[in-house]
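All remarks here apply to the structure that follows.
Chains as they are written, first to last, in my numbering: chain Y, 512 to 1001; chain X, 512 to 1001.
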């Protein structure tokens, strides 16, 4: 099969688009900026959901569901929140269509809403308005709730998974009696995200805090995990916000403390989205197609038979039945591609494109020799191995592939963190190498904005593990006490 | 605790509302007609989802995701479809808010959409528009896709779970090469729903077909499952539609058949929604609270300790640790309610209200005797049983409870199907007894409408298993060949 994928070196951005479409992950919908997530892509997202959902429940959270629509007035109760979201909102103004008498369907102007409704871009406002009814005393706290939902942010420039007008996500919204407990929650969920990114997505991440300029609208502190893509650009893969008492104050949510005092509740929110699909594709894949970590691959092993006669086919079928049974027993997801409409070479290319971690091919000679050909997607290597003990070998190979994919991404990331001490150096590294640039910054919003204007690089985060170090800001020469990470970002 | 639930005999409708709210299943949101599904209610819905999703995958379906918004023009391409949905649609007309300069947030009139977007009330149109790009030849068929999503139908009179402006559901949308295959699919999914309703929800259902008047807008045939609530009203619990080639024609979706001919594709769609939560509550619960079938109960067993001293508590704790370990090992979901802020009697009432199938209570004397008190929610019976073999006993009791709840609902349903042969009899049964009324009908939309106007009863379905039987229509005296089921319905 002709894959029709642009190479990364030729045009990275086009490579990404080609790959997402050719590998059947998603496509643009007829509605501007929205996407259709196709079954193969959705299968990966479902795996992400299931694993994250388990993690959320293990850390004490329950799922719930809040309305899609938010009254406009709610939305403006938290001043910085409305500023952050007002310019990209879908607004519902009517609740009925009608026939205009000439056979045209038009909006029925008599069915105008008294108050416009905003399609949720995020749910802090509607949720905190609801929490007011749930919280009276410290005994009602903490509330540890998560929601899996669709949200809408009207984006002018969209890219499949990375930036779409509608996307799928989860948003955790928790309520606490103390500041300390809320901060701990925000940090705990950042750790959940980081562990997930590294062990499941196989994407190494840097845990950090956002600067004031990059913070979530309405947060006192935004924690984030930042990943690096193969083109040297960073991608924010998840955020966890300490919201202080901002939303509790905006929605008048108070509780009686153990000491009998009436106090405002402390809040966090945290989320990851279908953007992770973009991170997954861009972190690992190559010019031949997707490279999926086994823990997320909808199909972990594909088996392709090679035969000339019905007799040969029958022998292979019998063996494959047996092998598939063994693999399914140990929880390996396996597909037998016995289509008679396509040749083996076509199938090899197709499963390579779709990122299946392991391919088993076997023909008549293999059956005689008691062997199969095993091909790894991540290293593009093949070997002939014995049928004996094959399922155990496959199991351990899948683990090895998961680790190898992570290690490869880690090596790339680590070799793309560059310390610089001057603005000239900064610009040179940004231009020629990309990646994260570790440097001193004077801590002002103004400096950050000017660097962004001049170079398009932003402060991705102030790493949580960064040591205090005296230095001077590369841009203003003012004193600084620790390095931050700049990068161009998705 | 005071439960504050109206009794069923006093006001069935109020009983339902009280119960949904007091048992923490859901509440009305600040947005008209929308609901908040609370963690306990959502926990039940999640179990429904997981079980249905497994069934869908076992029957060959994959999940995918299509956009929330549908361009207005799409919506009107299938004539009967638009008629069915136009009068209850949320319409997005703008994509931005702004500050009016006086600190008020208003809709930015400069950000008006060229074409209004409809928030999906169902997704046939956007999906069939997408399928056009996926289907070229018979090799691309069948497409067996399901979507879990939120939909919006602007309802004027709403009731929690039963009828809300936004609700959660799944919608299957399949594409086939032949009429026969599509009909088989629609029937297969009806069977999946019926099996789920009976074995999981413990709600007996009648499988049938809708009359022309009650059909889904755009379907050639609508299959349904109809359940009976305790007040004698019917509830449609799931539908599966044979759509013929209607949507393929509206969206120009053709395929090349094996014989090389260009033909329109055949379609089905099928769905169940959070409405099932309402059916679950109304079918089984009583004046004391919810009665949940064990297969859906988020907590299957609650353990309540009764003690006076710390020493007594310690002994109980040790035993409970052991019991919980055993129960979790066999997959029983169990909660130890050791709150020290509430008395045992309060806890008993609370878990009764929340429908936990089995309660284990144990005090100092039980510890001496090696016993516990076991209380069943469904029969409201208690017995003292040995601690020996308790977890096995609990496991089998949960199975027994599941069956008993179903049997009780089945007995009620079966005793509420009444055959009548005259309109007077019809009206009398409808008034005094309710339930399903089996009678002859002349097959005309006109007659059905007139009976509905006069009695509020509608034809719930033409049962799939009904025998041909000569008769005369109770309303017009015209000839009829089989009985249909009338009822008042939710």
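Beta carbons are placed, not taken as given, at the ideal position from N, Cα and C, and that holds for glycine.
Asked, Found
"Inter-stretch contact at 8 Å, needing at least 3 Cβ pairs: the region 518-531 of chain X / the region 954-971 of chain Y", "no"
"Closest residue to residue 932 of chain Y among Y:817, Y:870, Y:987 and Y:622 (Cα-Cα distance)", "Y:987"
"Under 8 Å between C-beta atoms of residue 663 of chain X and residue 680 of chain X", "no"
"Where the region 775-808 of chain Y meets chain X: residues whose CB sits under 7 Å from a CB there", "none"
"Residue 736 of chain X - DSSP class collapsed to helix/strand/coil", "strand"
"Proximal residues of chain Y, C-beta to C-beta of residue 586 of chain X below 8 Å", "608 and 616"
"Neighbour flag for residue 545 of chain X against chain Y, beta carbons, 8 Å", "yes"
"Chain X contact residues for residue 534 of chain Y, given Cβ-Cβ distances below 9 Å", "Simply none; closest approach about 14 Å."
"Euclidean distance between Cα positions of residue 821 of chain X and residue 815 of chain X", "15 Å"
"Residue environment, residue 657 of chain X, which counts as buried when at least 16 other CB atoms sit within 10 Å", "buried"
"Alpha-carbon spacing of residue 519 of chain Y relative to residue 555 of chain Y, whole angstroms", "23 Å"
"Residue-chain proximity (residue 674 of chain Y, chain X), Cβ-Cβ < 8 Å", "no"
"Cα-Cα separation between residue 755 of chain Y and residue 745 of chain Y, rounded to whole angstroms", "28 Å"
"Same chain only: Cβ atoms within 6 Å of residue 999 of chain Y, ignoring 5 sequence neighbours per side", "744, 967 and 968"
"Chain Y contact for residue 640 of chain X (CB, 8 Å cutoff)", "yes"
"7 Å Cβ shell around residue 984 of chain X - same chain, five flanking residues per side excluded", "951, 952, 953, 958 and 991"
"Per-residue burial, residue 833 of chain X [other beta carbons within 10 Å of its own, 16 or more giving buried]", "exposed"
"Same chain, Cβ closer than 8 Å to residue 532 of chain X, five either side skipped, listed in chain order", "538 and 671"
"CA-to-CA distance, residue 802 of chain X to residue 843 of chain X, given in whole angstroms", "17 Å"
"Nearest-angstrom Cβ-Cβ length linking residue 574 of chain Y and residue 659 of chain Y, presumed shorter than 8 Å", "7 Å"
"Separation of residue 655 of chain Y from residue 638 of chain Y, as counted between CA atoms", "12 Å"
"DSSP state of residue 667 of chain X mapped onto helix, strand, coil", "coil"
"The region 580-599 of chain X touching the region 608-627 of chain Y, judged by at least three CB pairs closer than 8 Å", "yes"
"Residue 826 of chain X: first and last residue of the uninterrupted alpha helix (DSSP H) it sits in", "821-840"
"Anticipated Cβ contact below 8 Å, residue 633 of chain X with residue 586 of chain X, distance rounded", "Contact flag wrong, Cβ pair sits at about 10 Å."
"Cβ contact check for the region 804-818 of chain X and the region 850-870 of chain X: 3 or more pairs under 8 Å", "yes"
"Interface positions of the region 568-580 of chain X facing chain Y (Cβ-Cβ less than 8 Å), listed along the chain", "573, 574, 575, 576, 577, 578, 579 and 580"
"Secondary structure of residue 993 of chain Y, DSSP reduced to three states", "strand"
"For residue 645 of chain Y, the first and last residue of its enclosing alpha helix (DSSP H)", "635-645"
"Members of the region 705-726 of chain Y near chain X, C-beta cut-off 7 Å", "none"
"Neighbour-count burial assignment, residue 888 of chain X, 16 or more Cβ in a 10 Å radius", "buried"
"Member of Y:630, Y:549 and Y:562 whose CA lies at the smallest distance from the CA of residue 581 of chain Y", "Y:630"
"Under 7 Å by beta carbon: chain Y residues contacting residue 554 of chain X", "573"
"Where residue 913 of chain X falls, given that 16 or more other Cβ within 10 Å makes a residue buried", "buried"
"Residue range of the beta strand (DSSP E) that includes residue 515 of chain X", "It is not in any beta strand (DSSP E) - residue 515 of chain X carries neither H nor E in the DSSP assignment."
"Beta-carbon contacts of residue 515 of chain X that lie in its chain and below 8 Å, excluding the five residues immediately before and after", "529 and 533"
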